[in-house]
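Chains as they are written, first to last, in the working numbering: chain R, 1 to 359; chain W, 360 to 718; chain C, 719 to 1077; chain X, 1078 to 1436. Even for Gly, the Cβ is constructed at its ideal location relative to N, Cα and C. Here the structure comes first, spelled out in C-alpha cells, and everything after it is commentary.
If you want it as C-alpha cells, here you go:
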C-alpha cells in the first residue's frame, strides 16, 4: 500500500508502496481517511529531529501521528464504519504511569511514538490497532477533528496546570476561574487551541504575537472573546496568573514571561524554543520564590485527553463554528504527491493546520 | 409586571401583576425569555415543600429557579442582547465555602434559593441581578439551554463523585474510565442528564426504570449508546462501580443499590425518595465496609457547574442532537394562564422538561 | 519451629512444631520477637470468620497478622539487627491498585492476608519476607510498636476521610481543622487510636462508650485532651463533622450516627457490627442528601500507612507517653502455652492490646 | 519592657525599654521564653532587607519571628502555663487564600509579618496574641522547639511539592516514596530540616555541600540515614526525582540542579540566592519540557504547618534525638546584651540555630 516514509535520522521523505506491516496485535483494521501535518513532521523530514528512530530492525519509518480513519474490521467496542483517531504515544510497559495508561508521565523514557520513535505512523492507506489506543470521532466534527491530536496535548497541559495550581485556592469568589488572567504566547495551532480551552475553562484569555493579528485571526478572537496583545514591544506592563509558552520561538521568551507572572502564577512551557538562551539573575530567582511561582513542562496528551478533545471540539462546533473551521487552512490530496512532499518539507504561508486527504 | 407567585408554605399558585421588586444590588437588567418547571416547583405549588419561605417581611414568593433571559441593561461583562441563565442558590456570606462561591457546601444552612427559600424566583417578566450570579447561554443551544439548570446539579454531582473516587486509582489501564460501569436509576430529567454526562466521561452507562423504555427513550438510548435495564425484577445480578439514584421513588431503592455495588464502588444519592424506608442488617454493613464502598449525598450545582453545563449542552448539540431536543417535551405560553397553572400543578404525561415561554 | 496454627474454617487453635514453610521469595530472614492479638484472631480461633482459608494445598494456617521481628539475614535495605514489622495484606498482582502497592483498594478481591486468607501469619519463631512488605520499627517505640498494625488501618482511614472531605473546603479559617468536631464511637484499640490520630490532625475530638470511662481511660483522655461522651442515652444533642464507628457493636449505631452528622459531615464505618440492622426512612435519606453527607467504608492500611504509624507512635511517645503505654494491657510468654491458648480464645477483662512474647 | 528593636530599612539594632505595644486584639497574654535568630533577622539588622517596614505610624520595629512563650493569661483554648509558638505571617484579610488561613498564598501581597513587615516581632518580654495565631508546644520538645518555625516553612514546602507531583503517580510499587531520590542542597537549618522531613516521608535522601561534612554533621547523617554528596565538583552524575535548593548561595545552582533532574522531577526553590545568575539555553528548555519537569517557589508555613512541625519534632525526639538537639548550636542570655547584639549582627562559626533565652 502507499505510505509516506522517512529514513531517520537523515533528511528526506518519500511516497512509496510498502508492505502492510501487519501490526499483529491490532485487532481493529482501519482505513486512513486523513492525516495532519505538524512541525514535528517537518523536523523529521528535514533531518532536524535527532531522536527520531525507525521500528527495531528497520531503516524506514512511516511518518504521521495525526490521523483519522474508518473502521473496516472492528471488535466489540469499535464497529465497522466508526470514525477513529489513534493515540500516538504508547506505554513502556514497565513503569506505573505507563501501566495506568499514562505514558505522558513515563519514567523510563522507553515509550514509543507513532511516526516518530520506534513505531510506524499513520501516513499509509491502512493500519491495524488495539482498541485501547483508539478514540471515537463524532461524525459531526469530522471536518476539523484532526485538531483533536494537538488538542489532546493541550487538554493534558491544562489538566496539569490546574493540578499544580491546586496547591492554593485558585477558584475565584464566584467559584469559577473568572478572576484569572491567562496569556498564551503564540498564535499557531497549539496557541489557538490553548486560548480556546482556557476560555472554555472560564478565564480571561489573552493571546500574543509579535505582529498585529491577521484578518481571519481577528475574527476568531472576536468570535471567541479573546484579547490580543502585540508583544513586539513587550507585554505593556500586563501581568498574568497563567502564561503558556506556545510560540516555539526563542528561549528568551521564558524570561519575559517570568517577569510578568503574578503572585502564585504559573508558567507552562509547551513548545520547544529553537534558539537563544534565557537567564535569570539572583534577584529574579528571589522574586520567583517570594511570589510562589511555578514553571511546568507540558508534554503529550493521552487517551483521556483525546476523549476530552472530542468533547470540546463538539462544543466549539456549536459555539465557535468559525474558529474551529478557520484552523484547517489547507487540504492536499494524497494523489497530488508533489504537493504532499512540498507541504511536508516546508510550512505553508498563513498555515494553521494542513491535512492530507487519503480518500 | 406579570409574575407567578405562591404563598408558602401554603398550597396554591397565582399569575398576577406584581411590583418590580427592584433587586437593588442587581446591576444587570434582564428580560425573562423562558422558565422551566421542575418537581420542586410543583411541591411548592401543592404545599408539600414545608421548608419554602418568602423573602423576609413578605408573604408572597415569586416562583421559578430555572430561567433564561436576555440582558437589557448590562455591565462590563454582560452586554445588551446576551442570553443569560441565573444561578439559583446563593451564599450565606459567612462560611468559607460560601465565600469561595460554593454555597452548595454551605455550612450554616443560611443560603437562600431563588423561587424557594427567602429569595424571589424568575417566573416574572424582568429581574435585576449581579454579574457573579449570571452565566452566559450560547445562542446555539438556546432551544434546550433551560436544561443547564438541572444539568448544573448533575455536573456538581459528578465532580463530587470523582473526588470521592479519587481516594483510589479509579482510572483504568487505558487512562480513561472505560472499565467503569455506572447505573443511573431513573429516566426523568436528571436521570437522563446523569446518563449523558457519565457517558461523556467515558464510562459504560446503564439506565434503569421499572418499565420498558418508551419509543422516544429507546431512540435516545440508541443515539447516546446507553444500556437499558428494566429493574421491575431487580438488577439481574449486574454489579456496578457507580450507582446514582435519580428516581426519587422509594427509599428501599437505596438498599437494592448497595447490594449491587462492586468493590470500591460508590452510591450517589441525588433525588429525594418520597416514601418507605431502607434497612441494612449487620451483614450488609460488614459487606459495605469490606468492599470499601461509599455513599454520598449530592446537592446543588454552582456557577462553575452551570458553565460546564453550557459546554456539555453545546457538545451534545453536535453529537446527540436528538437526545437533548427530545428532553424538551412541552412549551406553554405565559399568555395561556390556565395551561401555565395546570402544568405547575401537575406533571404532564410523558414529561421530561416543560417550559413556559415569556416572550 | 513452634507456631500457632488453626484449621479454618473450623474452630480450634494449637501450638505445635511446624516445618519452616520456607517462603522462598523472602530474601529477608526474620526472628519473631512478639505478636499481637486482635478480635479477628479470636474470630478465626472460634470458627466465626467463615472467609478464613489456609494457604493453597494445605489444611492448616499459621495465625497472626500483628508482629515485630528482628532481622537475622538482611539485604541492602534491611540489615541484621533491624527491628521490622510486616504488612499483612498483600496484592493480587492483577489490578492497578495492587500494582501501585495499594491492595487496600484491590478490585479483584484476590489479595491474600497473612494469618487470615491463603497466607501464613507470623505466630511462629521465624519467617522470611520480601523487603517491600517490611517496615522499620524505631527501637525507641518497641514497647508499644505492635500498635502500628492497627494504627496503619487507622492512618489509611483518616487519609481516606480527608480525601472524601476534600470535595469541599474543610479547613477552617485558621487553615487547620480546629473547627471540626469528631466523634469516635468505641474505646477499644482502634477507637483510641482514631482518637489520638484525629487529635494529632488538630480536630476537637470526642470519644464515646455506653458506660462511664474507666480510671485509666479517664487519665488517657486527660493526657491527650479528649472529650468523653457517655452514649448510653444517645449523643445528648451534640452534632459532628466526622463520626467514626469503631465499636463493632450493633448496626443500629449507624442510624444514630447519621442523625448526628452536621452539614457536609462524613460517617466512617470501620468496625464490623455483630448484630441487628439499621434503617433509615425516606425523610432520613432526604436529610442525608440535603446535608451533603457521606458514608465511607474503611479497610486496611498499607505500607505507607505503617510508615506513618511509626512516625505517629514516635511522636506520641514524646507527647502522650502514658496513653500509648496504657494500651498494652497484657504480655504473655509463648512458653506459657496454656495462657497463650486462653488469650487467643477469649478477650481478657479490661483488655486493649494483648501481645505474645516470642523471645 | 525590654525589646530588641531595629529602624528599617536602615542598619542597626538596639536593646532598649519599650512601651508595651498593647496588641489590643490579642486575648492571650504571653511571656517570652526564647527567640530564635535566622538569616532574615541579620539581613534586617544589617540593612540589607529593603522590604522591611515598621508598624504603621512608627519608626521602630521590634525584631524576631521565631519565639516560644508561656501563657500568663489565657482563653478557652490556651491556658495559663501552656507553651506556645506564634505564627509569623498574618493575613491580608482580603483574598480568599488569606480568608482560608493561608496567607502563604496571599494574592494581594498585603499580608504582614511579625518582626519584618508592618508588625512587631517577638524579641520582647511579653506579647498579646489571638488564639488563631498560636500553636501549642509539647513540653517534651521544648529544648529544640524553636526549630518549629523554620520547620513549618519546610512542612509547607513538602506539602506543596507533593501536590505538584500529584500530577502523576508518584508513589512507588510498594505504595510509598521509597523509589524516589531527593537531593537537598545546603546543610544549614532549613537544609537539615528538609532532609529529616523527606526521610520521614520515606524517600532516599541526599544532602550536599561544597565541602566535606563536619564531624557532628556526619553523626547526624549516620543517625538519620542520609547520604552526603560533596558538590564542589558537581553531582557526580547522580540524578534525582526531587531537588530542593536550600543553600542560598548563587543563582547558578539552579542550572546545575535542573540538569540533574530525572523525568517528571521537580526542583523546589526555597532559599534566596545572594549573587550571580543562572541561564538555560534553548536545548536546556527543550529538555525541561520533554522531561515534564517542574520548578516551584517555596515560601512560608502557616498554622497547619506549625502543628505538623510540632508532631515531627516530637517524633524525631524519639527516633533521632541527637540530630534535633545538635541543631541548637548556641544559647545566649538576653541579659548578656553585648553577646545578643553580636549574634544578631553576624553568623556564629559552625552555627545552625542560635537562640536568645529571655527567662
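Just verifying my parser: in three-state terms, what is the DSSP assignment at residue 1265 (chain X)?
coil
Cβ of residue 100 (chain R) within 8 Å of any chain C Cβ
yes
Report the neighbours of residue 280 (chain R) on chain C: residues whose CB is nearer than 7 Å to its CB, in chain order.
Near residue 280 (chain R) there are no residues of chain C at all, since even the closest Cβ is about 31 Å away, more than 7 Å.
Among the residues of its own chain, which have a CB less than 8 Å from the CB of residue 277 (chain R), if the five just before and after it don't count?
251 and 252
So, with DSSP's three-state summary, where would you put residue 823 (chain C)?
helix
Judging by CA-CA distance, which residue of R:323, R:254, R:245 and R:135 is the nearest neighbour of residue 299 (chain R)?
R:245
Which residues in chain C sit within 8 Å of residue 528 (chain W), going by Cβ to Cβ distance?
814, 815, 818, 820 and 823
Close Cβ partners of residue 272 (chain R) (< 7 Å) along its chain, the five nearest in sequence each way excluded
248
Verify whether the separation of the beta carbon atoms of residue 1141 (chain X) and residue 1178 (chain X) is less than 8 Å.
no
Thinking just about the alpha-carbon of each residue, which of C:743, C:845 and C:821 is nearest to the one in residue 751 (chain C)?
C:845
Taking the alpha carbon of residue 1207 (chain X) as the point to measure from, which residue in X:1106, X:1226 and X:1282 has its own alpha carbon closest?
X:1106
Given that a residue counts as buried once 16 or more other Cβ atoms are within 10 Å of its Cβ, and exposed if not, what is residue 1102 (chain X)?
exposed
Do the segment 1380–1394 of chain X and the segment 1026–1038 of chain C touch if we need at least three Cβ pairs shorter than 8 Å?
yes
Can you give me the Cβ contacts of residue 1304 (chain X) inside the same chain, cut-off strictly under 6 Å, excluding the 5 residues immediately before and after it?
1283
Compare the C-alpha of residue 697 (chain W) against each of W:374, W:623, W:577 and W:370 and name the closest.
W:374
In the DSSP assignment, what residue or residues form a beta bridge with residue 949 (chain C)?
In DSSP, residue 949 (chain C) forms no bridge with anything.
Once you ignore the five residues that flank residue 1044 (chain C) on each side, which residues in its own chain have a CB closer than 7 Å to its CB?
934 and 938
Nearest chain X C-beta to residue 398 (chain R) closer than 8 Å, yes or no?
No statement about residue 398 (chain R) is possible, as the shown extent of chain R runs from 1 to 359 and does not include it.
What is the rounded straight-line gap between the Cα of residue 191 (chain R) and the Cα of residue 1301 (chain X)?
48 Å
Evaluate residue 1078 (chain X) with the Cβ neighbour count: other Cβ atoms within 10 Å of its Cβ, from every protein chain shown; 16 or more gives buried, anything less gives exposed.
exposed
Using only CA atoms, which one of X:1256, X:1192 and X:1265 lies nearest to residue 1231 (chain X)?
X:1265
Contact criterion: CB-CB distance below 8 Å. Does residue 858 (chain C) meet it with respect to chain A?
Absent from the structure: chain A. Protein chains present are R, W, C and X.
With distances taken between CB atoms, is the gap from residue 430 (chain W) to residue 494 (chain W) smaller than 8 Å?
no
Quick one: which chain C residues come within Cβ less than 8 Å of residue 632 (chain W)?
1000, 1003 and 1004
For residue 36 (chain R) versus residue 149 (chain R), is the C-beta spacing smaller than 8 Å?
yes
Determine the chain R residues that contact residue 674 (chain W) at a beta-carbon separation under 9 Å, and present them in chain order.
138, 310, 311, 312, 313, 314, 315, 316, 317 and 318
Could you check whether the segment 1169–1176 of chain X touches the segment 1361–1378 of chain X, counting it as contact only if at least three pairs of C-beta atoms, one from each stretch, sit closer than 8 Å?
no
Nearest to residue 613 (chain W) by alpha carbon, out of C:999, C:749 and C:977?
C:999
What does residue 737 (chain C) pair with, by DSSP beta-bridge criteria?
According to DSSP, residue 737 (chain C) bridges with nothing at all.
Start-to-end residues for the beta strand (DSSP E) that takes in residue 278 (chain R)
277–281
Quick check on residue 1250 (chain X) - is its C-beta less than 8 Å from some C-beta in chain C?
yes
Reduced DSSP category for residue 987 (chain C) - H, G, I as helix; E, B as strand; rest coil
strand
Would you mind working out which of C:950, C:736 and C:758 sits nearest residue 727 (chain C), comparing C-alpha positions?
C:758
Within 8 Å (strictly less), CB to CB, does residue 881 (chain C) reach chain W?
yes
Could you check how far apart the C-beta atoms of residue 1027 (chain X) and residue 164 (chain R) are, in whole angstroms? I think they sit under 8 Å.
There is no way to answer for residue 1027 (chain X), as the model of chain X reaches only from 1078 to 1436.
Which residue marks the beginning of the beta strand (DSSP E) containing residue 752 (chain C), and which one marks its end?
746–755
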